[in-house]
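First to last, the protein sequences are chains A and B. Throughout the first sequence, residue numbering follows this note's numbering, covering 725 to 891 in sequence. Throughout the second sequence, residue numbering follows this note's numbering, covering 82 to 290 in sequence. Here a beta-carbon is modelled for each residue, glycine too, at the ideal position from N, C-alpha and C. Worksheet: one structure, shown below.
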Amino acid sequence: MFEMKTKIRVAIAVTFGMAFLLAQGQADSAGRSILKGAAVEYLFPEQVTVAAGKPSTVALHFRIAPGLHINSHTPREDYLIPTTFSIPEGAEVRLDGTSYPAGTEITLPIDPSTKLSVYTGEFILQARIVAAPGNHLVEAKLRFQACDKSACMPPKTIPVAIDVIGK
Amino acid sequence: MKRNTLVITAVLFILAIFAWAGWANYEYRKQAAERLAASAAQGVLVPDAAGGAPQYISPLKGKPAPAFALEDLSGKKVSLASYKGKAVLINFWATWCAPCKIETPWLIELRNQYAAQGFEILGISADDIDRGDPQKLSDEKKEIARFVEQMHMPYPVLIDGDAVSKPYGGLDELPTSFFVDRKGTVVAAQLGLTSKNDIEANIKKALGN
Numbered sequence: 725m726f727e728m729k730t731k732i733r734v735a736i737a738v739t740f741g742m743a744f745l746l747a748q749g750q751a752d753s754a755g756r757s758i759l760k761g762a763a764v765e766y767l768f769p770e771q772v773t774v775a776a777g778k779p780s781t782v783a784l785h786f787r788i789a790p791g792l793h794i795n796s797h798t799p800r801e802d803y804l805i806p807t808t809f810s811i812p813e814g815a816e817v818r819l820d821g822t823s824y825p826a827g828t829e830i831t832l833p834i835d836p837s838t839k840l841s842v843y844t845g846e847f848i849l850q851a852r853i854v855a856a857p858g859n860h861l862v863e864a865k866l867r868f869q870a871c872d873k874s875a876c877m878p879p880k881t882i883p884v885a886i887d888v889i890g891k
Numbered sequence: 082m083k084r085n086t087l088v089i090t091a092v093l094f095i096l097a098i099f100a101w102a103g104w105a106n107y108e109y110r111k112q113a114a115e116r117l118a119a120s121a122a123q124g125v126l127v128p129d130a131a132g133g134a135p136q137y138i139s140p141l142k143g144k145p146a147p148a149f150a151l152e153d154l155s156g157k158k159v160s161l162a163s164y165k166g167k168a169v170l171i172n173f174w175a176t177w178c179a180p181c182k183i184e185t186p187w188l189i190e191l192r193n194q195y196a197a198q199g200f201e202i203l204g205i206s207a208d209d210i211d212r213g214d215p216q217k218l219s220d221e222k223k224e225i226a227r228f229v230e231q232m233h234m235p236y237p238v239l240i241d242g243d244a245v246s247k248p249y250g251g252l253d254e255l256p257t258s259f260f261v262d263r264k265g266t267v268v269a270a271q272l273g274l275t276s277k278n279d280i281e282a283n284i285k286k287a288l289g290n
């Protein structure tokens, strides 16, 4: 009797699991929308402490969604939109300059003759900032234009929020 | 007897679970279909049965192409209606779009090849334009014109694609093309860079070949 009950419990557990996977899996495959989520995400740091009034370098980490690439800061063609980082003028934190990583060279499968300089995966920008004394919530911006291997999304600007403490 | 009851109960329970899963799936699909309809002509990519690139399924297929009248680079209004009786490829592109630049020479060749049969391309730029700032608007038009000139595009190029993006599915990615037959019905759509052969096959569909 005990063995029978155990079998029934196992059967119920397996059934629940299968039913859940069935409902979930079919729901996921029902409609793969062409709309994608965020192409680029700012990772960190959320807060930095720098010497007030002096240029300080801050490493800013970003992640590009799998399957996508964005143009590097120095794309190979002038018609392509470069990735650029900016801090609004007039803020108490000033951008003194930005060092961008070199792009990776790729070609599109359908046209190997077209070479592109892009970022993929995670990338780091080195921003030189000068902060006034005090706490400042900086609303910096990253402008980029993302594509996959066959199509491109319109250029986009995302906020990069950093709490800068000038000491 | 007790054992049989237990088994029957378990079987009924299992069947009920499957019925619930089926119902949940049906409800999800129903809601997804409603969302699709609500978002105008939002298309979907579905996997290719042959294992190739995903196919773009546009809800506009089989329906009349949404009407529009947009300015060309000289400021002249060009309407889709004025091309009735011709097969038309409506090609949304942008100056910053590398795949668009790759496919443009194919479009030009195909346009020249099939023009005599009553085929035309309307290139619609999805580049942002700023109508509130005459200087910016002029610069933006110059940028588009520079691209058109560099690529030697012989067909009408219209601007302000964003103004007609909604009925054409939002244009979240470029290039996007719609193939319209002589009666004004969308017979095929393509999202992204495919191949010259794919484009030609859809042009033939639009021409009724």
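Asked                                                                                                                                                        : Found
Out of curiosity, what's the CA-to-CA distance linking A/Leu746 and B/Ala91?                                                                                 : Caution applies to A/Leu746, whose pLDDT of 49 falls short of 50 and renders its modelled position unreliable; the value that the coordinates give is listed next. So the two alpha carbons sit approximately 20 Å from each other.
Counting contacts by CB-CB distance shorter than 7 Å, is B/Ala183 in contact with chain A?                                                                   : The sequence as given places Ile at residue 183 of chain B; Ala does not occur at that position. Yes, contact with chain A.
According to the neighbour-count rule (16 or more other Cβ atoms, all chains shown, within 10 Å of its Cβ), is B/Tyr107 buried or exposed?                   : exposed
Given A/Ser810, which residues of its chain have a CB within under 6 Å of its CB, disregarding the five upstream and five downstream residues?               : Lys865
Measure the C-alpha to C-alpha separation of B/Ile183 and B/Lys277 and round it to an integer number of angstroms.                                           : 10 Å
Quick one: list the residues of chain B neighbouring A/Tyr803, beta-carbon separation under 8 Å, in chain order.                                             : Thr176, Trp177, Lys182 and Phe228
Could you check whether B/Ile210 and B/Glu221 sit closer than 7 Å to each other, using their CB atoms as the reference points?                               : yes
What are the residues of the region 810-824 of chain A that lie near chain B, defined by any Cβ-Cβ distance shorter than 8 Å?                                : none
For A/Leu840, return the contacting residues in chain B, with the cut-off set at a CB-CB distance below 7 Å.                                                 : Ala179
Going along the chain, which residues of its own chain have a beta-carbon closer than 8 Å to the beta-carbon of B/Asn193, five neighbours each way excluded? : Pro235
Quick check on B/Gly273 - is its C-beta less than 7 Å from some C-beta in chain A?                                                                           : yes
Would you say A/Ser874 lies against chain B (beta-carbon separation less than 7 Å)?                                                                          : yes
If B/Gly143 sits next to B/Val267, beta carbons under 8 Å apart, how far is it from one beta carbon to the other, in whole angstroms?                        : 7 Å
Cβ of A/Thr781 within 7 Å of Cβ of A/His797?                                                                                                                 : no
Below 7 Å between beta carbons: does that hold for A/His793 and A/Ile848?                                                                                    : no
B/Leu151 by DSSP, collapsed to three states: which one?                                                                                                      : strand
Which residues in chain A have a C-beta closer than 7 Å to the C-beta of B/Glu254? List them in chain order.                                                 : Ile758, Ala875, Cys876 and Met877
Of all Cβ atoms in chain B, is any one closer than 7 Å to the Cβ of A/Ile834?                                                                                : yes
Restricting to runs no shorter than 3 residues, where is the beta strand (DSSP E) found entirely within the region 231-288 of chain B?                       : 257-261 and 267-272
Could you give the residue range of the alpha helix (DSSP H) that holds B/Thr185?                                                                            : Ala179 to Tyr195
Can you tell me whether B/Gln198 is helix, strand or coil according to DSSP?                                                                                 : helix
Apart from the five residues just before and just after A/Pro825, which ones in its own chain have a Cβ nearer than 6 Å to its Cβ?                           : Phe847
What residues from chain A crowd round B/Ser276, counting only those whose CB sits closer than 8 Å?                                                          : Ile834
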